[in-house]
Amino acid sequence: FSCLASLNNITIRTGCFCNPGACQRHLELTVKDLKKQYDAGHICGDSNDLIEGIPTGAVRVSVGYMTTKSSIKHLLSMIENCFIDKKERISANGNEIVYVNNIKSKLIRICIFPIKSCGVFKVSNHWPISCKGFKYDREWMIVNRNGVALTQKTSSKMCLIRPIIDEELQMLILQCEEYESIAIPLDVKKSTDHRIQTTSLCQSKVCGDRIQGYDCGDKVANWLSETLDIPDLRLFRKNDEDKRLFRKHSQKALANQAQFLLINLTSVQWLADKVKACNETNEYDLDNFIDRFRGNLIIETPEPFDEKSWTHLKIGQTRFKV
Numbered sequence: 001f002s003c004l005a006s007l008n009n010i011t012i013r014t015g016c017f018c019n020p021g022a023c024q025r026h027l028e029l030t031v032k033d034l035k036k037q038y039d040a041g042h043i044c045g046d047s048n049d050l051i052e053g054i055p056t057g058a059v060r061v062s063v064g065y066m067t068t069k070s071s072i073k074h075l076l077s078m079i080e081n082c083f084i085d086k087k088e089r090i091s092a093n094g095n096e097i098v099y100v101n102n103i104k105s106k107l108i109r110i111c112i113f114p115i116k117s118c119g120v121f122k123v124s125n126h127w128p129i130s131c132k133g134f135k136y137d138r139e140w141m142i143v144n145r146n147g148v149a150l151t152q153k154t155s156s157k158m159c160l161i162r163p164i165i166d167e168e169l170q171m172l173i174l175q176c177e178e179y180e181s182i183a184i185p186l187d188v189k190k191s192t193d194h195r196i197q198t199t200s201l202c203q204s205k206v207c208g209d210r211i212q213g214y215d216c217g218d219k220v221a222n223w224l225s226e227t228l229d230i231p232d233l234r235l236f237r238k239n240d241e242d243k244r245l246f247r248k249h250s251q252k253a254l255a256n257q258a259q260f261l262l263i264n265l266t267s268v269q270w271l272a273d274k275v276k277a278c279n280e281t282n283e284y285d286l287d288n289f290i291d292r293f294r295g296n297l298i299i300e301t302p303e304p305f306d307e308k309s310w311t312h313l314k315i316g317q318t319r320f321k322v
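Residues 1 to 322, numbered by the UniProt record's numbering, are exactly what the sequence shown covers, in order.
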């Protein structure tokens, strides 16, 4: 709900509002329900509205003296367009319609996000994978002076930082408009380059997990602090020897949900059309919509939401479990 509201420029709060006891009481959740939600990967601040059909929290819309009638109408319009099923009137047609579908699902592009919550790096060719996901995907993160990971919720300018992986030079290049680019070695542990001033082992926290990694040095830290206008930032590289498990099974890097995130272009097109109708505007950028979902595998299917019924996906010789 919060993602769709954000797409419609509506600011709300969702979840338990830092009061899990009241949330459990009013939603009539048992201790078993809470444990089941936690085992399914639900934590405070995520985007899981429902797990097995059971709500994980509530939606709070704040109304004050500056709220206008048009703002309320805008919210109701978003709910009506995005969440209410409408029965379409279908006129009778005596002609027999034969449906032939020769269009197959296809992979459009591969995207990786080297630095958690920063911009996308779109792969122009093939890309290696491992049990943790795509190589270099979400292996770096920006942390504040307290060792807490920055996200776009608290620092929206992070999306302007564009990481580039140059495997030939073995460098991670960071670009941002109005700032000079900066490059750091991909292998921070083996580097003797003067740009890496420290490689001290430190700790941070991602989605409830304690993780270990390496500090990437003062130079890139100062660049990030200047670019994001936040003091004392550090760039943190996950330690390959640190085994972070997802739901007690598969390994993953610094991603919140899973090793690979799949986005269906056809489904996003459907959503974009709904948002366009709600906002009564004809202007939207489909690529921008897709980038907001931060998927690794961008596919296209004949119909929207075809992917909801999938249990497995095969791309080339690689088989994925959905």
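All C-beta atoms in this analysis are idealised placements derived from N, C-alpha and C, irrespective of residue type, glycine included.
- In this chain, the alpha helix (DSSP H) harbouring D287 covers 286 to 292.
- Under the three-state reduction of DSSP output, G213 falls in the strand class.
- The continuous alpha helix (DSSP H) containing R25 extends over residues 20 to 26.
- Taken through DSSP and simplified to helix, strand or coil, N222 comes out as helix.
- When secondary structure is reduced to three states using DSSP, F83 falls in the helix class.
- Here DSSP, grouped into helix, strand and coil, assigns H74 to helix.
- Taken through DSSP and simplified to helix, strand or coil, M158 comes out as helix.
- The Cβ neighbour count for Y136, taken over all protein chains shown within 10 Å, is at least 16; the residue is labelled buried.
- Taken in chain order, the complete beta strand (DSSP E) segments of 3 or more residues contained in the stretch 125 to 174 are 140 to 143, 162 to 166.
- Straight across, the Cα-Cα distance linking K69 with K274 is about 22 angstroms.
- In the DSSP assignment, no residue is bridged to V268.
- From the listed residues N296, R292, A40, S267, the smallest Cα separation to P302 is found for S267.
- A residue is called buried when at least 16 other Cβ atoms come within 10 angstroms of its Cβ; P114 meets this threshold and is buried.
- Scanning its chain for C-beta atoms nearer than 7 angstroms, with the 5 sequence neighbours on each side dropped, one finds no residue around D229.
- By the neighbour-count definition (other C-beta atoms within 10 Å, threshold 16), V61 is an exposed residue.
- Annotation: E180 to G119 spans about 16 angstroms, alpha carbon to alpha carbon.
- In the DSSP assignment, Y65 falls outside any beta strand (DSSP E) and carries neither an H nor an E.
- Annotated three-state conformation of V61 is coil, per DSSP.
- If you check the CB distance, I263 and K238 do not come in under 9 angstroms.
- A221 counts as buried, since no fewer than 16 other beta carbons sit within 10 angstroms of its beta carbon.
- Below 8 angstroms, too few C-beta pairs join the stretch 104 to 111 and the stretch 158 to 176 to call them touching: fewer than three.
- Relative to the Cα of G45, the nearest Cα in the group V63, C16, G53, G21 belongs to C16.
- In this structure, the CA atom of G217 is about 19 angstroms from the CA atom of R162.
- DSSP places V275 within a helical segment (H, G or I) once states are collapsed to three.
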